[in-house]
Amino acid sequence: LGCPAYGYGIRYEHGLFRQRFEGGQQVEAPEDWLNHPDPWEFARPEAAYTIGFKGSVATEGGREVWSPGETVIASAQDTPVVGWQGKWANTLRLWAAKPTTMFDLARFNRGDYAAAAEPEALARTLSRVLYPDDTTYQGKELRLKQEFFLTSAALQDILRRYLVSHSDLRALPAHVAIQMNDTHPAIAGPELIRLLCDVHGLPFDEALETARACLGYTNHTLLPEALERWATFTFGTVLPRHMQIVERIDAWHGRTYPTRPSHVGIVKQHEVRMGELAFIMAHKVNGVSALHSDLVKQNLFPELHALHPDRIINQTNGVTPRRWLKMCNRPLAGLITQTIGAGWEADLDRLQDLAPQIKDAGFRAEFGAAKRLNKVALAGWLARDCGVSVSPDALFDVQIKRLHEYKRQLLNILETIARWNAIRKNPTGPWVPRVKIFGGKSAPGYGVAKEIIHLINDVATVINADPVTGDLLKVVYPANYNVSMAERLIPAADLSEQISTAGKEASGTGNMKFMLNGAPTIGTLDGANVEILHEVGAENFFLFGLTATEVVRHREDPDHARKAIEASPPLQDVLQMIAEGRFSRDQPDRYHGLVHRMWHSDYFLVASDFDAYLAAQAHADAAYRDPQRWLAMAAMNTARSGFFSSDRTIRGYMKDVWSVTPAL
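The sequence shown maps to residues 94 to 757 in my numbering.
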C-alpha cells in the first residue's frame, strides 16, 4: 500500500492475562510475554520524553505554566512491521515507563522508606499491566495516567520528528495525520494544544485549528465502557493543565456553534466526556461498518452530527488475507492459487473469479478436501489440548470472541442445551453431529461474563460424558484464546457464530476471517454482518433475530423477557434445568442469578431471539445434510469475501481521512 506510518502503544510487562480454567471457572495468571528477548525489537534512546502528572498550574508572563508533581520517562522500543513481500516496512513504537529518579535518598534517610521508592514504583506500575481493573479510584487514576502516558509520548515524538526537517508547526497538518483509536487516546487533542501553546509558543486559536486538522477519530463501539467519562475531580487532579484546556475547547465550541443544545458538550454533570472531546477535536470521525456508522450518527452523537453533518464517514473494517488465509490456511490458499493463479493475496477482489468454478463438482470436492484437512488437524489438537475426542465429519460450530453479554455466548450455550434435550428424546433421529467450540476471555472484573464461562464449561462436562448423545454433540472450550489459537480454529470452522444483539456490535473482524476461510455465517443484522449478507447473498447466510430498530421497541416493554420465555417451551425447559442444578450438582443454586436475570431483565434479548436462533440452526442442519449444497455455500463465502480485505480499508483511510498518497 505504501502508506508511511508509525503505530504507538505501551510496552506492557504483562499482556491481558493468561486464562486457565479451575473447576470450570476462569482464573487469570500473568502473561509474561517479555521473558524472552526479541531480536526484532530495537531500543531507541534518542526517543525519550518526560511525562508529567498532577502538580499545579501558574500564570507567568501571560502564559500558563504547568509544574507536574510526578514525572516519568517514556522510553521507546521499535519493532519493524514488514509489508507483503518486504516491499515496505513501517514502525511499531512501544513506550516503557522509566523513573526520573530511581531513589529518593533524602526521604529514605528520614525513615520514609516506602515514599523513597515511589518514583520507581510509579514508573513500573504505568507499563506493568494492560487494562488495570478500574473499579476503584486508584484503578481509574492509573488508567487515565496510562492513556496520557501513551498519548503524550507519541505526540512529543511526532513533533520531534517533524521538526527535524520542518520549522513551521502551522504546516503540521500538511505532513502529519494522527488517528485516535477509540476514546482511550482522546486526550490527544488537549495535549497537542498544550505542546503547541505552552512548549512551542503558538496562540491558542492557531494551536486548536492545527490540532483539529491533524486529528481523526475512529469509534469502535457504542458500549458505554468504551466511551470513557472521567470525573472532573479525577481528571483535574491528574491533569490540571489539560482540564483548563478541555474547558477552553468546550467553551470555544459552544461559542462557535450557538445552536448547540445545552445538554451537549465535553464537560457536563461533573464529567469529562471523552467521546464528545474526540468528536469535537477531530476533522473526521468514522465508524467501522455501514450500520455502525449510521448508529454513530443517529444514536451516539445525533446533536453533534447535526452541527457537523459532513464529519462522520464510514470505513468498514477489513482483515489481512496474507495472515488470515495465505498463512493460516495453506490447503485452501493452495487451491485458490491453483484455480485462479498467483497474486490474489494483494488483490483480494480476484477471489470472485472462484465463483464460476463452484458449479464444478471437482472444484467443490477439492474445496471440501482442503476443509477436511484443517478439521482433522484441529480434531487432533483438541484431543491433545482439551482431552475431548471429536469427529472431523461433524459440523464444527465455532464462536470465538471476548466474553460479553451483548455477544451472546449465553444464547449459544442455551441452544446447545436445547439441542442436547432434543437428541436425548430421539437419539436415533436424523441428527447432524455437532461440535460446539467456544473461545474467549472475560475481563477479570466482569462477573456476569465469568458466570457464563462457568456455565459453558459445566454444560460441556455433562454433555461430553453423556453416552446417549455420544458423538452427536460435543462442547469444547479451549483455554487462553489468542491469535495463534484462532489460526487453528478459523480454517477448520464450518459455521461462524455472529449472534450479537443487533445494534451493539460495531463491526467485528472474526466474521470476515471465517467468511474468507469458507465458513457460512449464522448471525443477526449487526455490525459487518449486514455487509457480509449483502456480499454473499441470503442463500449463503443463516439470518435470524430482531433488527436494531426492533430491539429498541422490544426494550420498551418491561415484560418482554417473561413473554418471550413463556412463548418458548424449549427455552423454559432449558432454564428449568439450569435452575434445578442439572449442570451444577455440587452447587444447585449456582446459576439462580443468571436464570433470574433471564426472566426479569434480559437486556440483550436472548429470550426474544431464542426461537428464531433455533430455527436458523435447524436450517444449518438441513444444509449440512446436503454435502454439495454446503460446499457450494462455503466456497461462495470465500469467493465473495474480497470486499473485506484490510487493503481496501486502509486505502479508504488514506483517501478520505489522512489525505495520503501511496509512497511506492
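We treat Cβ as the ideally placed atom computed from N, Cα and C, and that holds for glycine.
(message) If you measure between the beta carbons of residue 458 and residue 729, is that distance less than 8 angstroms?
(response) Residue 458 is not a Cβ neighbour of residue 729, given a cutoff of 8 angstroms.
(message) Please state whether the Cβ-Cβ distance between residue 172 and residue 143 is less than 8 angstroms.
(response) Their beta carbons are not under 8 angstroms apart, which means residue 172 does not touch residue 143 by this criterion.
(request) Measure the alpha-carbon distance for residue 103 versus residue 185 and round it to whole angstroms. (result) Taking the straight line from one Cα to the other gives about 10 angstroms.
(request) Could you tell me the boundaries of the beta strand (DSSP E) in which residue 499 lies? (result) No beta strand (DSSP E) holds residue 499; DSSP gives it neither H nor E.
(message) Only counting the same chain, and skipping five residues up and downstream in sequence, which positions put a Cβ closer than 6 angstroms to that of residue 411?
(response) Result list for residue 411: 737, 738, 739, 741, 742, in chain order.
(request) Starting from the C-beta of residue 456, find all residues in its chain whose C-beta is less than 6 angstroms away, skip the five residues before and the five after it, and write them out in chain order. (result) Within the same chain, Cβ atoms closer than 6 angstroms to the Cβ of residue 456 are found at 450, the five residues on either side in sequence being excluded.
(message) Spatial neighbours of residue 94 within its chain, please: C-beta separation below 8 angstroms, excluding the five flanking residues on both sides.
(response) Within the same chain, 176, 181, 740, 743, 744, 747, 755, 757 come within 8 angstroms of residue 94 by CB-CB distance, once the 5 residues on both sides are set aside.
(request) Drop a sphere of 10 angstroms on the beta-carbon of residue 392, count the other beta-carbons inside from all chains shown, and report buried for 16 or more, exposed for fewer. (result) So residue 392 ends up on the exposed side.
(message) Which of the three DSSP states is assigned to residue 107 in this structure?
(response) Looking at residue 107 - three-state DSSP - the assignment turns out to be strand.
(request) Quick one: measure Cβ to Cβ for residue 574 and residue 549, integer angstroms, because I've assumed they're closer than 8 angstroms. (result) About 12 angstroms separates the two Cβ atoms, so there is no contact after all.
(request) Assign residue 316 to one of two classes, buried (16 or more other C-beta atoms within 10 Å of its C-beta) or exposed (fewer than that). (result) Exposed is the call here.
(request) Check the DSSP bridge columns for residue 407 and list the partner residues they point to. (result) Answer is 380.
(request) Tell me, please, whether the stretch 613–621 touches the stretch 378–392 by the rule of three or more beta-carbon pairs shorter than 8 angstroms. (result) Segments in contact, yes.
(message) On the DSSP bridge list, what partners appear for residue 738?
(response) Looking at the DSSP assignment, residue 738 forms a beta bridge with 412.
(request) Write down every uninterrupted run of the beta strand (DSSP E) in the stretch 543–621 whose length is 3 residues or greater and which is fully enclosed by it, in chain order. (result) Complete beta strand (DSSP E) runs here, min 3: 566–569, 588–591, 614–616.
(message) Are the CB atoms of residue 167 and residue 141 within a distance shorter than 8 angstroms?
(response) Yes, Cβ-Cβ distance for residue 141 and residue 167 is below 8 angstroms.
(message) Do residue 629 and residue 733 count as a contact pair if the criterion is CB distance below 8 angstroms?
(response) Yes, these two residues count as a Cβ contact at 8 angstroms.
(request) Using only alpha-carbon positions, find the residue among 533, 579, 544, 509 that is nearest to residue 555. (result) Residue 509 is the option with its Cα nearest to residue 555.
(request) Verify whether the separation of the beta carbon atoms of residue 309 and residue 367 is less than 8 angstroms. (result) For residue 309 and residue 367, no; Cβs fall outside 8 angstroms.
(request) For my contact list, residue 226 and residue 538 are in at a C-beta cut-off of 8 angstroms; report their separation, rounded to the angstrom. (result) Residue 226 to residue 538, Cβ: 5 angstroms. Contact.
(message) The alpha helix (DSSP H) that contains residue 699, what's its start and end?
(response) Judged by DSSP secondary structure, residue 699 falls within the alpha helix (DSSP H) whose first and last residues are 699–718.
(message) Among 194, 421, 409, 282, whose alpha-carbon lies nearest the alpha-carbon of residue 359?
(response) When only C-alpha atoms are compared, the closest one is 282.
(request) State the Cα-Cα distance for the pair residue 255 and residue 96, rounded to the nearest angstrom. (result) Looking at the two C-alpha atoms, the distance is approximately 17 angstroms.
(message) Between which two residues does the beta strand (DSSP E) holding residue 173 run?
(response) Unbroken beta strand (DSSP E) run through residue 173: 163–175.
(message) Measuring only the C-alpha atoms, how far is residue 493 from residue 504?
(response) Linking residue 493 to residue 504 through their CA atoms gives a straight-line distance of about 14 angstroms.
(message) Whole angstroms are fine: how far does the CA of residue 212 sit from the CA of residue 674?
(response) Rounded to whole angstroms, residue 674 to residue 212 spans 52 angstroms at the Cα level.
(request) Confirm, please, whether the CB-CB distance from residue 220 to residue 190 is below 8 angstroms. (result) For residue 190 and residue 220, yes; Cβs fall inside 8 angstroms.
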